[in-house]
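Worksheet: one structure, shown below.
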Amino acid sequence: MDLTKRPRRLRSSEILRKMVRETRMDKSSLVYPLFVREGSNIKEEIPSMPGQYRYSIDRMGEKLQELADAGVSSLMFFGIPDKKDELGSLAYCEDGIVQKAFSRAKKEFPQMYLIGDVCMCEYTSHGHCGVLKGHDVDNDRTLELLAKTALSQVQAGADMVAPSDMMDGRVGAIRSALDKNGYENTPIMAYSVKFASSFYGPFRDAADSAPAFGDRKTYQMDFHNRREALKEAAMDVEEGADIVMVKPAMAYGDLIREVKDMVNVPVASYSVSGEYAMVKAAAGAGWIEEEKIMCEMAASAYRAGTDIYITYYAKELAKCMDKGIIG
Ligand code: PBG
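Structure below.
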């Protein structure tokens, strides 16, 4: 056969396949989401996320050590308070759960990079991501509380803040609060393109943050939209976001790519709780190979343009990178 082009030539051995690989991944780009709760001596498994736990502060060090040993050095913290109220006041309180977790983690693991998820839904009695006016979230009043929350996390030891609430103007509000208080060098990773997604179901069990009524569609995005995704990302960069995020990751690779091609800041993607739960459930039933699926999902996120990958599988992926299964 007279074929000048034979793509199979470059697939003929493992060494060659790795030499020509187009997507390279690195442990330094992995971020692990950690749930911390009040109480002591607690490590409780999250029923809808087998293998993931809520830790009390005195035991979270076990997880930080495991991550450090695997070479994962960045974490995103989610706090689960004891009490909730209308205004989510434990989100921005000096001895709130996540603030205590930051100061302890900073002391015990100074080499690790700590990111604070900034949102009110774990802290409000109604489970919405801000202050209510009637049955909807009051955007502008919420901004003030989000800025206070971000500042209190940074004062407690967070190295970076990541607003996930989807209020308009929150990146600008947080930037100016941080700057006014001398934290002009603390970066903001904005959950810019965050959809109203059913893939967050297991997270809401984990963080006890499901809305008591209605849904999040007046602030999180409609998943039919792509131009709106580009608008949100552009606005956040304009307001001072240092990193923008697309969330969820798996079903949104098209938008990871489009955002990546448009912005000139790093792009994060978040492989959310529902993605994790689906893999675990199918693997538990013996229908898929967990490790291979996990690696393939990660590669697809990076191939789409992900620079920073937030995933419950951070430790396991790091191990696969060490073993050369992906990377
Ligand atoms: C807080 C927040 C959520 C997630 C991250 N930050 C839940 C939500 O918006 O309902 C989801 C993470 C996941 O599903 O893993 N607003």
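All letters in the sequence shown, in the order written, are residues 54 to 380 by our numbering. All C-beta atoms in this analysis are idealised placements derived from N, C-alpha and C, irrespective of residue type, glycine included.
Please report whether the beta-carbon of residue i lies at a distance below 8 Å from any beta-carbon of chain C.
i      : result
Asn192 : No chain C is part of this structure, which consists of one protein chain only.
Can you give me the C-alpha to C-alpha distance between residue i and residue j, rounded to a whole angstrom?
i      : j      : result
Leu185 : Lys376 : 49 Å
Phe276 : Ala249 : 7 Å
Thr177 : Ser262 : 8 Å
Phe252 : Leu56  : 46 Å
Arg61  : Ser245 : 40 Å
Ile150 : Arg59  : 59 Å
Ala265 : Tyr365 : 26 Å
Met298 : Asp111 : 31 Å
Gly141 : Cys172 : 9 Å
Lys368 : Met113 : 15 Å
Lys270 : Cys182 : 11 Å
Ala22  : Arg70  : Any property of residue 22 remains undetermined from this structure, which presents the chain solely from 54 to 380.
In or out: residue i buried (at least 16 other Cβ within 10 Å) or exposed?
i      : result
Pro163 : exposed
Leu143 : buried
Gly339 : exposed
Asp79  : exposed
Gly187 : exposed
Thr195 : buried
Lys333 : buried
Ser81  : exposed
Glu115 : exposed
Asp138 : exposed
Arg90  : buried
Asp218 : buried
Met54  : exposed
At least 3 beta-carbon pairs within less than 8 Å: the segment 283–301 vs the segment 58–77:
Here the segment 283–301 does not lie against the segment 58–77, with fewer than 3 beta-carbon pairs under 8 Å apart.
Is the number of C-beta pairs between the segment 88–97 and the segment 335–350 that are closer than 8 Å three or more?
no
Which runs of the beta strand (DSSP E) spanning at least 3 residues fall entirely within the segment 176–225, listed in chain order?
The qualifying runs are 213–216.
Whole beta strand (DSSP E) elements within the segment 229–273, 3-residue minimum
242–247
Any contact between the segment 147–158 and the segment 122–133? By contact I mean 3 or more CB pairs, one from each, below 8 Å.
yes
Kindly provide the ranges of any alpha helix (DSSP H) runs that are 4 or more residues long and lie completely inside the segment 313–374, ordered along the chain.
326–337, 343–357
For the segment 189–203 against the segment 230–247, do three or more pairs of beta-carbon atoms, one drawn from each stretch, fall closer than 8 Å, so that the two count as touching?
yes
Determine contact between the segment 318–333 and the segment 350–367, defined as no fewer than three beta-carbon pairs at a distance below 8 Å.
Using a C-beta cut-off of 8 Å, the segment 318–333 makes contact with the segment 350–367, since at least three inter-stretch Cβ pairs fall below that distance.
Contact between the segment 265–282 and the segment 206–214: three or more CB pairs below 8 Å?
no
Return the chain-ordered ranges of every alpha helix (DSSP H) run that is complete within the segment 75–140 and spans a minimum of 4 residues.
110–123
Quick check on the DSSP output: what are the complete alpha helix (DSSP H) runs of length 4 or more inside the segment 275–301, in order along the chain?
DSSP runs (the alpha helix (DSSP H)) wholly in the segment 275–301: 280–292.
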